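>
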Amino acid sequence: MRDIRIIALAELRHLMRSAQGILAFCFLAIYTAWVLSKLVDNADFINSLAAGRGGQGGAFILAAAAWLADIDNAVMGRLLDEHSAFLFTLFAMLAWALPMLTMIASLDQNASDIGSRGIRFLLTRTSRGSLLLGRFAGTALFWIAALGLVVCAGTLTALAVDESFGVGAILVDGLWLFFSLTLIALPFIAFLSLCSVVTGNPLLSATMGIGCYLGIGLLGFLGGLLHEAVEAVRYAFPDPLRFHLLLGTTSQAVVATLVMPAFTTAYLLLAGLILRRRDL
């Protein structure tokens, strides 16, 4: 455990100074700022929609959001009654983009050291498992901190412009937003840990991760048009469940909460098995 903690803190400091970490955080911050600016610009309309005065335009937005998140209009209506419209809209937008942003932040967990053979010198002082878990933990800490900052910005924005919910309700929504985004991110950090030990090259790691993610998503979508059973290939990633964490029913949220750590564990176990057997 001591080795894992030391490696995790070193990885955290490295990401805070590296081009990879800074670039990923800038992408996240710029995207979040753009979403928040649109929410603030349309605050009056969103507040009227939450109050049930959205009219036909509001009905259209409900239908569009229900289609994107794969939930029905009744659930969307319930969400407007139970949650801040600003925060669950922010969640939907961030959850949609988070897998790609997370993979950018976590593309080089061990790849550079494996490719340069520098990992052999590290292994004289620690184990392969400690390197894998330490780098994963450090990357997770960095990205969780970044998500915490954008969630704080979103929560403060909601406190300033949301007319339908009080401070307590918005703060609770903000905490659940942070928890949900963290759960979404962890499997993708673990998957890029797997890609790192497979490829031994940061660029190839990113290519493998993003390529698999897009390829499986496209295969599931196109295959689903031909036969509904083929659509199940999308569940090679926990991606289809990510919206359920905040936008789904209670049972869907519970399932998604359990599935995300399970995928994270599975990816890390597979990465550990490959790293253990790889000639370094």
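Each residue of the sequence shown is one higher than the last, beginning at 398 in this note's numbering.
All C-beta atoms in this analysis are idealised placements derived from N, C-alpha and C, irrespective of residue type, glycine included.
From a predicted model like this one, the values you see are computed outputs, not experimental measurements.
Following the continuous alpha helix (DSSP H) through phenylalanine 588, name the residue where it begins and the one where it ends.
Its alpha helix (DSSP H) spans residues 564-596.
> For serine 503, does the count of other Cβ atoms within 10 angstroms reach 16, so buried, or fall short, so exposed?
Per the 10 Å Cβ criterion, buried.
> Put glycine 617 into one of helix, strand or coil per three-state DSSP.
Glycine 617 falls in the helix class under three-state DSSP.
> For the alpha helix (DSSP H) containing histidine 411, name the first residue and the last one.
399-414 is the span of the alpha helix (DSSP H), which, as asked, contains histidine 411.
> For glycine 645, which of helix, strand or coil comes out of DSSP?
Three-state DSSP puts glycine 645 in coil, outside helix and strand.
> Taking 8 Å as the threshold (C-beta atoms), are leucine 544 and phenylalanine 575 in contact?
Yes, the Cβ-Cβ distance between phenylalanine 575 and leucine 544 is below 8 Å.
> Would serine 593 and asparagine 507 qualify as a contact pair, given that the criterion is a beta-carbon distance under 8 Å?
Yes, Cβ-Cβ distance for serine 593 and asparagine 507 is below 8 Å.
> Enumerate in chain order the residues of its own chain whose CB-to-CB distance from phenylalanine 533 is below 7 Å, with the five nearest sequence positions on each side excluded.
So the qualifying residues of the chain are Gln506, Ile586, Ala587, Ser590, Leu665.
> So does the region 489-496 actually touch the region 552-565, counting three or more Cβ pairs closer than 8 Å?
Touching, no.
> What does a CB cutoff of less than 8 Å around methionine 605 pick up in its chain, not counting 5 residues either side in sequence?
So the list reads Cys592, Val595, Thr596, once near-sequence residues are dropped.
> In whole angstroms, give me the CA-to-CA distance for methionine 500 and alanine 582.
If you take the alpha carbons of methionine 500 and alanine 582, they lie about 9 Å apart.
> Helix, strand or coil: how does DSSP classify phenylalanine 442 here?
Reduced to three states, the DSSP call for phenylalanine 442 is helix.
> Grouping DSSP H, G and I as helix and E and B as strand, with all else coil, what is serine 524?
Coil, per DSSP.
> Taking all protein chains shown into account, decide if isoleucine 427 is buried (16 or more other Cβ within 10 angstroms of its Cβ) or exposed.
Exposed, by the Cβ-count rule.
> Between the C-alpha atoms of threonine 486 and aspartate 510, what's the straight-line distance to the nearest angstrom?
Spanning the two alpha carbons is a distance of roughly 40 Å.
> Thinking glycine 512 and asparagine 598 are a contact (beta carbons under 8 Å), I'd like their distance in whole angstroms, please.
That belief holds up - the Cβ atoms of glycine 512 and asparagine 598 are roughly 5 Å apart, short of 8 Å.
> Would you check if the distance between the CB atom of valine 716 and the CB atom of leucine 616 is smaller than 8 Å?
Only positions 398 to 677 of the chain appear in this structure, which leaves residue 716 out of reach.
> Which term fits glutamate 408, buried or exposed, when burial requires 16 or more other beta carbons within 10 angstroms of its beta carbon?
With 16 or more other Cβ atoms within 10 Å, it is buried.
> Measure the beta-carbon distance from serine 481 to aspartate 570 and round it to whole angstroms, keeping in mind my assumption that it falls under 8 Å.
That pair is a contact at about 5 Å.
> For the putative contact between leucine 498 and leucine 425, defined by C-beta atoms under 8 Å, what is the C-beta separation to the nearest angstrom?
Yes, they are in contact, since the Cβ atoms of leucine 498 and leucine 425 sit about 5 Å apart, within 8 Å.
> Using the beta-carbon count (16 or more within 10 Å), is arginine 675 buried or exposed?
Label assigned to arginine 675: exposed.
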